[in-house]
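> Here the protein sequences line up with chains L and Y, keeping their order. For the first sequence, position 127 (counting from the first letter as 1) is numbered 127 according to my numbering, and the numbering increases by one without interruption. Take the position in the second sequence, starting the count at 1, then add 403; the result is the number in my numbering. One structure, as structure tokens, below. Some questions next.
2 protein chains.
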Amino acid sequence: MLTGRSESARSSDRARPDVAVVGAGPIGLAIAWRCAARGLRVVVHDPEPGSGASAVAAGMLSPVAEAYFGERQLTGLLLASAARWPAFAAELTAASGTGIGYRTEGTLMVGLTGDDLAEARRLWAYQQGLGLPVTPLRPSELRDREPALAPRLRGGALAPTDHQVDPRRLVPALRTAAQRAGAVLVPQAVAHLSDVDAAVTVVAAGCGAAALTGLPVRPVKGQILRLRAPDGVAPGFRHVIRGYADGEPVYLVPRADGEVVLGATVEERADTTVTAGAVQRLLRAGVDLLPELAEYDLVEAVAGLRPGTPDNAPILGPLPDRPDVLAATGHHRHGIVLTPITADLITELVLDGVPDPLLAPFGPERFVGAGSAGRTPAATGGGLGGLRGRRGPEPTMEGDRWS
Amino acid sequence: MLTGRSESARSSDRARPDVAVVGAGPIGLAIAWRCAARGLRVVVHDPEPGSGASAVAAGMLSPVAEAYFGERQLTGLLLASAARWPAFAAELTAASGTGIGYRTEGTLMVGLTGDDLAEARRLWAYQQGLGLPVTPLRPSELRDREPALAPRLRGGALAPTDHQVDPRRLVPALRTAAQRAGAVLVPQAVAHLSDVDAAVTVVAAGCGAAALTGLPVRPVKGQILRLRAPDGVAPGFRHVIRGYADGEPVYLVPRADGEVVLGATVEERADTTVTAGAVQRLLRAGVDLLPELAEYDLVEAVAGLRPGTPDNAPILGPLPDRPDVLAATGHHRHGIVLTPITADLITELVLDGVPDPLLAPFGPERFVGAGSAGRTPAATGGGLGGLRGRRGPEPTMEGDRWS
Numbered sequence: 001m002l003t004g005r006s007e008s009a010r011s012s013d014r015a016r017p018d019v020a021v022v023g024a025g026p027i028g029l030a031i032a033w034r035c036a037a038r039g040l041r042v043v044v045h046d047p048e049p050g051s052g053a054s055a056v057a058a059g060m061l062s063p064v065a066e067a068y069f070g071e072r073q074l075t076g077l078l079l080a081s082a083a084r085w086p087a088f089a090a091e092l093t094a095a096s097g098t099g100i101g102y103r104t105e106g107t108l109m110v111g112l113t114g115d116d117l118a119e120a121r122r123l124w125a126y127q128q129g130l131g132l133p134v135t136p137l138r139p140s141e142l143r144d145r146e147p148a149l150a151p152r153l154r155g156g157a158l159a160p161t162d163h164q165v166d167p168r169r170l171v172p173a174l175r176t177a178a179q180r181a182g183a184v185l186v187p188q189a190v191a192h193l194s195d196v197d198a199a200v201t202v203v204a205a206g207c208g209a210a211a212l213t214g215l216p217v218r219p220v221k222g223q224i225l226r227l228r229a230p231d232g233v234a235p236g237f238r239h240v241i242r243g244y245a246d247g248e249p250v251y252l253v254p255r256a257d258g259e260v261v262l263g264a265t266v267e268e269r270a271d272t273t274v275t276a277g278a279v280q281r282l283l284r285a286g287v288d289l290l291p292e293l294a295e296y297d298l299v300e301a302v303a304g305l306r307p308g309t310p311d312n313a314p315i316l317g318p319l320p321d322r323p324d325v326l327a328a329t330g331h332h333r334h335g336i337v338l339t340p341i342t343a344d345l346i347t348e349l350v351l352d353g354v355p356d357p358l359l360a361p362f363g364p365e366r367f368v369g370a371g372s373a374g375r376t377p378a379a380t381g382g383g384l385g386g387l388r389g390r391r392g393p394e395p396t397m398e399g400d401r402w403s
Numbered sequence: 404m405l406t407g408r409s410e411s412a413r414s415s416d417r418a419r420p421d422v423a424v425v426g427a428g429p430i431g432l433a434i435a436w437r438c439a440a441r442g443l444r445v446v447v448h449d450p451e452p453g454s455g456a457s458a459v460a461a462g463m464l465s466p467v468a469e470a471y472f473g474e475r476q477l478t479g480l481l482l483a484s485a486a487r488w489p490a491f492a493a494e495l496t497a498a499s500g501t502g503i504g505y506r507t508e509g510t511l512m513v514g515l516t517g518d519d520l521a522e523a524r525r526l527w528a529y530q531q532g533l534g535l536p537v538t539p540l541r542p543s544e545l546r547d548r549e550p551a552l553a554p555r556l557r558g559g560a561l562a563p564t565d566h567q568v569d570p571r572r573l574v575p576a577l578r579t580a581a582q583r584a585g586a587v588l589v590p591q592a593v594a595h596l597s598d599v600d601a602a603v604t605v606v607a608a609g610c611g612a613a614a615l616t617g618l619p620v621r622p623v624k625g626q627i628l629r630l631r632a633p634d635g636v637a638p639g640f641r642h643v644i645r646g647y648a649d650g651e652p653v654y655l656v657p658r659a660d661g662e663v664v665l666g667a668t669v670e671e672r673a674d675t676t677v678t679a680g681a682v683q684r685l686l687r688a689g690v691d692l693l694p695e696l697a698e699y700d701l702v703e704a705v706a707g708l709r710p711g712t713p714d715n716a717p718i719l720g721p722l723p724d725r726p727d728v729l730a731a732t733g734h735h736r737h738g739i740v741l742t743p744i745t746a747d748l749i750t751e752l753v754l755d756g757v758p759d760p761l762l763a764p765f766g767p768e769r770f771v772g773a774g775s776a777g778r779t780p781a782a783t784g785g786g787l788g789g790l791r792g793r794r795g796p797e798p799t800m801e802g803d804r805w806s
């Protein structure tokens with residue numbers, strides 16, 4: 001569609017962006033960074049960058065611990081994205097000049113009671129069946145690794161390749177990297193896709209994608225707590241800890257600066273109130289797994305809305321009836337881990353106009369059925385042309401361009 | 404001391420206040436209001452009025468429910484002050500023109516488990532033995548009065564004369580009343596008593612009294628939560644509810660605007676951090692007693708420092724070695740209920756120079772012993788002269804004077 005235009009046509013719309021990204025969360029900013037680094041003219045629309053789900057997210061990069069029954073395709077994407085994280089983190093740190101709290105101590109999965117352990121072992125067996133690195137540990141082995149764990153824990157397992165990053169450092173770093181690469185941030189909301197004028201529009205608006213595109217993205221409320229180790233010291237544990245405590249699933253993410261993220265509820269609600277019951281259950285489960293948490297300061301209790309989808313997997317690719325509009329949303333509980341692969345695959349799609357085979361299971365068309373008057377890709381015709389070469393030679397370093 | 408001075412001496416210090424109050428919490432402001440309304444020239448020193456224990460207090464007026472073993476003298480003072488509350492509330496509302504959230508639905512005392520109920524019954528029997536109005540209630544009778552109470556509660560009792568007020572409305576009302584009566588607020592801290600120049604100095608500085616006077620006032624930390632009924636409706640209960648839940652003492656104070664105060668810890672610590680363990684225990688106990696709290700918004704978690712004393716009773720009266728300095732501090736958990744009587748008795752003492760017999764058990768001299776070089780009232784000589792008549796005829800309405 002966009003290829004083969006004459007030079008005069010190109011020069012006449014010099015001010016028109018190649019790519020407009022709607023949403024400056026990690027997904028939108030990473031896409032903007034990658035596209036701008038490839039020489040495309042990029043604008044990012046968001047009145048409040050980083051104010052969505054990422055502001056509340058814990059930042060676990062846990063494709064192994066989050067490999068659940070019935071989600072094999074999603075697990076494959078999570079693993080593929082997690083594999084890109086070490087290079088992505090290094091590249092982003094260099095491009096932005098700031099740390100993002102990337103840590104590789106691994107994740108301990110634990111069960112408090114016998115019932116909790118039985119539940120967890122079913123999942124670990126499934127994960128091991130997929131060939132994933134999950135090493136069961138006896139209670140004594142657990143406490144050798146993390147002496148602060150409750151003595152009454154019945155057992156656990158180590159997922160050494162499940163890492164973490166700090167989303168509240170990730171978003172500013174991505175913003176800096178994107179701007180240094182030449183992307184322009186427009187601090188305005190986009191109410192309709194027609195408000196955006198660009199060759200390609202990327203909708204990375206989290207829950208806001210539903211109103212913009214009609215895609216079945218729904219808010220899934222999560223409440224999360226931030227604690228702080230007393231006296232400003234580092235928390236008394238290094239691994240991400242995930243577990244079940246009397247049936248309550250809970251995780252604890254330690255940061256080097258003393259912060260511990262304790263989460264999270266998963267609620268089919270669209271409000272962002274913090275409720276007494278949720279806070280109580282999270283704290284109880286957290287303290288049961290790691291008793292020293294009782295003495296930690298409670299510094300924040302907050303709720304956010306994850307962009308959920310009917311099959312829990314993200315929606316990535318062109319809209320069936322608007323091939324110039326790419327969805328990059330619906331990441332639900334996996335937005336942080338899926339940031340690198342989403343940015344890479346969407347950028348390649350923008351450049352080449354052809355989806356990577358990895359995207360096949362995650363296209364918007366899987367939700368286009370009876371409810372949307374049979375608009376399928378085949379029925380709409382047309383396609384994304386691809387913008388590769390549109391801006392001439394690509395810079396070799398994204399740091400070459402500053403906004 | 405201050406009587407009998409010549410007219411010329413009086414006119415030479417026209418600008419000198421009769422009374423300097425150090426501390427603009429409810430105690431200090433109520434004293435200032437009462438003194439100013441009696442025609443005295445009053446200044447109140449506080450860099451941040453109402454920022455002490457009262458900002459965290461729940462506002463229960465509970466001399467019956469808080470009549471504990473071994474505190475009979477304190478209980479007498481609490482009862483005497485609570486008896487003054489209805490008139491005090493009416494007068495203050497009229498003088499300030501603002502409501503203070505005074506409510507008279509009474510207090511329900513409950514026990515969750517059999518052990519909790521046994522513990523509570525011992526106390527109720529003691530309170531009944533003092534002749535106090537405590538009416539035991541069966542579980543069905545409890546729920547007739549408050550259907551939102553947990554069905555598993557084992558029993559309770561009604562203290563119909565234990566009421567409540569909202570401290571966050573009380574302080575601004577007292578400030579307005581004091582200023583309307585002519586008191587002047589000086590927004591500066593007092594580091595030493597010598598920084599204050601007045602005929603009489605009243606130290607109503609809460610925990611700060613220790614540094615100013617050497618009196619044994621120590622901080623006793625309390626953590627407290629504020630919840631809010633969903634959708635802005637009033638809470639589903641009307642009584643103040645106090646109880647034991649699996650050994651955890653807890654109270655719930657409903658406000659007409661939807662707020663519920665849930666408290667409180669009693670900790671021998673001087674920090675004001677909010678800790679995960681305390682919040683968890685308070686929420687667990689609150690939800691156990693009143694399950695609907697789980698759906699309430701958690702809007703605030705905060706800690707404050709009560710001014711505690713060795714015998715849990717306040718310190719009221721002249722310092723042994725400085726009869727022109729009156730202590731009005733050490734109110735510990737009882738500052739709100741004791742506000743009216745403290746203000747009345749201290750004002751009378753300022754005017755007459757003679758302590759009311761009610762004050763006898765609560766004087767500073769009870770803590771002056773081996774540790775303070777034998778300075779007793781007898782050893783210091785002198786006394787408070789009394790300022791009655793110092794300002795000519797008393798106004799009949801405190802509203803006559805505005806600052």
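Glycine residues also receive a C-beta, built at the ideal position from the N, C-alpha and C atoms. Keep in mind it's a predicted model, so treat the numbers as computed, not measured.
So, is the C-beta of L/G247 closer than 7 Å to a C-beta in chain Y?
Not closer than 7 Å to any Cβ of chain Y, the Cβ of L/G247 fails to qualify, so no.
> Taking only runs of the beta strand (DSSP E) that begin and end inside the region 584–629 of chain Y, which ones reach a length of at least 3 residues, in chain order?
587–589 and 603–606
> Under 8 Å by Cβ, that's how I've got L/V367 and L/L212 pegged, so tell me the actual separation to the nearest angstrom.
Correcting the residue identity first, residue 367 of chain L is Phe in this sequence and not Val. 15 Å between Cβ atoms; not a contact.
> What do you get for L/H192, buried or exposed, if any count of 16 or more other CB atoms within 10 angstroms of its CB means buried?
exposed
> By the three-class DSSP mapping on this structure, what secondary structure does Y/Y529 have?
Look at Y/Y529 here: in three-state DSSP terms it is helix.
> Do you know whose CA, among Y/D449, Y/P694, Y/A461 and Y/R641, lies nearest Y/V589's CA?
Considering only alpha carbons, the answer is Y/D449.
> For Y/A697, return the contacting residues in chain L, with the cut-off set at a CB-CB distance below 9 Å.
T275, A276, G277, A278, Q280 and R281
> Contact criterion: CB-CB distance below 7 Å. Does L/R226 meet it with respect to chain Y?
no
> What residues from the region 201–234 of chain L come within 9 Å of chain Y, judged by C-beta to C-beta, listed N to C?
L225, L227, R228 and P230
> Just the chain L side, please: which residues come within less than 9 Å of Y/A551 by C-beta, in chain order?
Ordered by position in chain L, no residue passes the 9 Å Cβ test against Y/A551, which lies about 14 Å from the chain.
> Check whether the region 104–122 of chain L and the region 155–168 of chain L are in contact - that is, three or more C-beta pairs closer than 8 Å.
yes
> Verify the CB distance criterion: does Y/L655 have a CB-CB separation below 7 Å to chain L?
no
> Rounded to whole angstroms, what is the Cα-Cα separation between Y/P429 and Y/T742?
7 Å
> Taking its Cβ as the centre, do 16 or more other Cβ atoms sit within 10 Å of L/A189, making it buried, or is it exposed?
By the neighbour-count criterion, in which 16 or more other beta carbons inside 10 Å mark a residue as buried, L/A189 falls on the exposed side.
> Determine the DSSP secondary structure at L/T342, reduced to helix, strand or coil.
DSSP places L/T342 in helix when its eight states are reduced to three.
> Look at the Cβ atom of L/L351, then the Cβ atom of L/L387, and state whether they are nearer than 7 Å.
yes
> Taking 7 Å as the CB-CB limit, is Y/R687 close to chain L?
So, interface residue.
> Ignore the nearest five residues each way along the sequence and tell me which others in L/A20's own chain have a CB closer than 6 Å to its CB.
V43, V196, A198 and T201
> Could you name the residues that DSSP lists as bridge partners for Y/H448?
Y/V425 and Y/V589
> Would Y/G707 pass as a contact of Y/I718 if the rule is Cβ separation under 7 Å?
no
> Assuming contact is defined by CB atoms lying nearer than 7 Å, are Y/P633 and Y/E698 in contact in what I supplied?
yes
> Could you list which residues in chain Y have their beta carbon closer than 8 Å to that of L/D297, in chain order?
T676, V677, T678 and A679
> Which two residues bound the contiguous beta strand (DSSP E) that contains Y/R709?
D700 to G711
> If we count the other Cβ atoms within 10 Å of its Cβ and call it buried at 16 or more, is L/S81 buried or exposed?
Around the beta-carbon of L/S81, 16 or more other beta-carbon atoms lie within 10 Å, marking it buried.
> Along chain L, in chain order, which residues have C-beta atoms closer than 9 Å to that of Y/F690?
Checking the sequence shown, residue 690 of chain Y turns out to be Val, not Phe. Correct list: A276, G277 and Q280.
> Between L/D321, L/L358 and L/R238, which lies nearest to L/D144 when the distance is taken from Cα to Cα?
L/R238
> For Y/R441, tell me which candidate among Y/G661, Y/Y505 and Y/A584 has the shortest Cα-Cα distance.
Y/A584
> According to the Cβ coordinates, are L/A159 and L/V260 closer than 7 Å?
Contact annotation: L/A159 and L/V260 have beta-carbon atoms that are not nearer than 7 Å.
> Taking a Cβ distance cut-off of 9 Å, strictly less, list which residues of the region 481–496 of chain Y are near chain L, in chain order.
From the region 481–496 of chain Y, no residue has a Cβ closer than 9 Å to chain L.
> For L/S93, which of helix, strand or coil comes out of DSSP?
Position check: residue 93 of chain L holds Thr in this sequence, whereas Ser was assumed. In this structure, L/T93 counts as helix in the three-state DSSP scheme.
> With a threshold of 7 Å on Cβ separation, who are the neighbours of Y/L722 within its own chain once the five nearest residues in sequence on each side are excluded?
T616, V728, A730 and P767
> When you compare only the Cα positions, how much space is there between Y/A773 and Y/V757?
Unreliable placement is indicated for Y/A773, whose pLDDT of 42 sits below 50; the coordinate value is still reported in the next sentence. Rounded to the nearest angstrom, the two C-alpha atoms are 26 Å apart.
> Evaluate Y/R736 with the Cβ neighbour count: other Cβ atoms within 10 Å of its Cβ, from every protein chain shown; 16 or more gives buried, anything less gives exposed.
Counting of Cβ neighbours within 10 angstroms places Y/R736 among the buried residues, the total reaching 16 or more.
> Cβ atoms of L/A177 and L/W33: under 7 Å apart, would you say?
yes
> For L/R322, report the span of its beta strand (DSSP E) as first-last.
R322 to T329
> For a contact meaning CB atoms closer than 7 Å, what does L/A301 contact in chain Y?
Ordered by position in chain Y, the residues that pass the 7 Å Cβ test against L/A301 are L701.
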